[in-house]
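Going left to right, the sequence shown walks through residues 1171 to 1482 as our numbering numbers them. A virtual CB, placed ideally from N, CA and C, is assigned to each residue, including glycine.
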Amino acid sequence: MAGSTNPGFTDGDTTQVQFSNAQGIFADNHGNLFVGDLGNASIRQVTYAGHVTTYAGKNIGSPNPLFGNIYSLVRDSMGALYTIEYSLIRKIVSSTNSSIFAGALAINYADGTGTNARFRILGNMAIDPQGNIFLPDYDNSDSFRIRKVTPGGVVSTLTLQDNTGYPSNGLPNYHYLYAIAVDASGNIYVTGNGNCLIKKVDPTGNVTILAGAGNIGFTDGKGRAAQFNTILGMTCDASGNLWVSDGDNHAIRKVTQDGTVTTIAGKGMMGYADGDSTQALFKYPFGITVDNTGTVFVMDNGNNRVRKLEYK
C-alpha cells in the first residue's frame, strides 16, 4: 500500500513514501490507518489509497512535542489516539493536542489514575469496544502483569489464575512478552516471544493455552501442535479469529477460536513480494490490524512498507 525499501521520512503517495523502523499500526474503520513510525518519532496517517501524511510528531504543530519511541498505538471510538512511549501512555486528540494519559517517564509499578500510575516496560497494547486499554507490563526481574486502563485513565492490574504449566510470573516463562489482543467478548490474548505460545485470558481471569508448543518452529496445527517463532503483533477480527505477525517466520498466521493455526501468507523466509499466499514474502512483520470489512493490514517492518492482505 505504501512505503519503499530504504528507510527515511517522506510523505506522499505509495512508493514515494518512506518510513523508518515503523512498528505499530491501527485501522480506524473510516478509511485511515495510523502508523507508529518509531524511527521518525512520529505518527503517520495512511489512506486506503496509499497517501501518507504526518499526523503528529516532528513538530507538526508548535503545541505538540516531539514524541519518544512509539511502539504501539490504538484509536478509540471518539477519534483519540493512544501511544506507548517507554513507560507511559500518551493521548493524542489532534495533531496539535497531546498529553500524558497514564504513567510517567519513571519506571515503577503502581495502580492509580493518570500520571499517578506507574508502569515498568510496555511493549504493546489493545483496546476493547468500550475504550478500555490493555497492556502487558514486565521487566527482567519482576512478574508479568496485564494492566487495564479505563477511558477515565484509571489503571488497575488484572488478577489471573494460571494453571497452564507456563506460569505468568518471571522471565523464564514469559520471556520478553510483547503482543496482546482483545476480542469483543472481553477475552485477552497475550504471548511472549521467547516461549512462542498464545495464552487466552477470559473475563474471569482464567488462563489457558490457545495455541503454540512453547518452542520455536513453523508448523500449522491445532493447539499445542502449532509452532511460532517470535510473535510481534496480534489482533482480533469481528469473528473472534486472531491474526498474528509471526516475526522470525516472516509470516502471517490465523488462529481460530478453537486454536487452529493456519499460515495465510509468508514462507518462513524473509523477502519482499506481493501475490497470493504461495508468493507473498515479508521481512519481520510487526504490527497487524483488521478493519470492519475483514481486511488485514500489516506493518512490514523490515521492508518499511504497509502491506494489505485480503483474505476470503
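Taking the CA atoms as reference points, Arg1288 sits about 5 Å from Gly1273. Contact annotation: Ser1242 and Gly1194 have beta-carbon atoms nearer than 8 Å. Per the coordinates, the alpha-carbon of Asp1470 lies some 10 Å from the alpha-carbon of Phe1189. Taking 8 Å as the cut-off, the beta carbon of Phe1271 is found no closer than this to the beta carbon of Tyr1256. In this structure, DSSP gives Thr1185 a helical state, which the three-state scheme calls helix. In the structure shown, Ala1276 adopts coil according to DSSP, grouped into three states.
Counting the other Cβ atoms within 10 Å of the Cβ of Asn1176 gives fewer than 16, which makes it exposed. With respect to the 8 Å criterion, Lys1369 and Thr1378 are classified as neighbours on the basis of their beta carbons. Ser1415 is positioned such that its CB atom lies closer than 8 Å to that of Val1468. Annotation: Val1205 to Ser1447 spans about 24 Å, alpha carbon to alpha carbon. Closest in C-alpha terms to Asn1286, from the list Asn1473, Thr1430, Ala1276, comes Ala1276.
Its chain contains Asp1390, Lys1424 as the residues whose beta carbon lies nearer than 6 Å to that of Thr1432, once the 5 sequence neighbours on both sides are disregarded; these appear in chain order. Counting along the chain, no beta strand (DSSP E) covers Asp1461, and no H or E run does either. Taking every protein chain shown into account, the CB of Gln1300 has fewer than 16 other CB atoms within 10 angstroms, so this residue is exposed.
The beta carbon of Val1319 lies closer than 6 Å to those of Ala1272, Ile1303, Val1325 in the same chain, with the five residues before and after it left out.
DSSP, read as helix, strand or coil, puts Asn1239 in coil. Taking all protein chains shown into account, His1420 has 16 or more neighbouring C-beta atoms within 10 Å of its C-beta and is therefore buried. Look at Gly1249 here: in three-state DSSP terms it is coil, with no helix or strand label. Annotation for Gly1356: Asp1298, Asp1372, Pro1373 place their beta carbon closer than 8 Å to its own, counting only its chain and skipping 5 residues before and after.
The three-state secondary structure of Asp1446, taken from DSSP, is coil.
For Asn1191, the CB contacts under 6 Å within the same chain, skipping 5 residues up- and downstream, are Leu1208, Gly1209 in chain order. Non-local beta-carbon contacts of Thr1334 in its own chain, meaning distances under 8 Å to residues more than five positions away in sequence, involve Lys1369, Val1377, Thr1378, Ile1379 in chain order. The C-beta separation of Met1404 from Ala1349 comes to about 4 Å, placing the pair in contact by the 8 Å criterion. Rounded to the nearest angstrom, the gap between the Cα atoms of Ala1381 and Gln1427 is 10 Å. For Leu1208, the secondary structure class from DSSP, reduced to helix, strand or coil, is helix.
Annotation for His1420: no beta strand (DSSP E) segment contains it, and DSSP assigns it neither H nor E. Phe1179 has no beta-bridge partner at all, per DSSP.
When rounded, the separation of the alpha-carbon atoms in Arg1315 and Tyr1481 is 34 Å.
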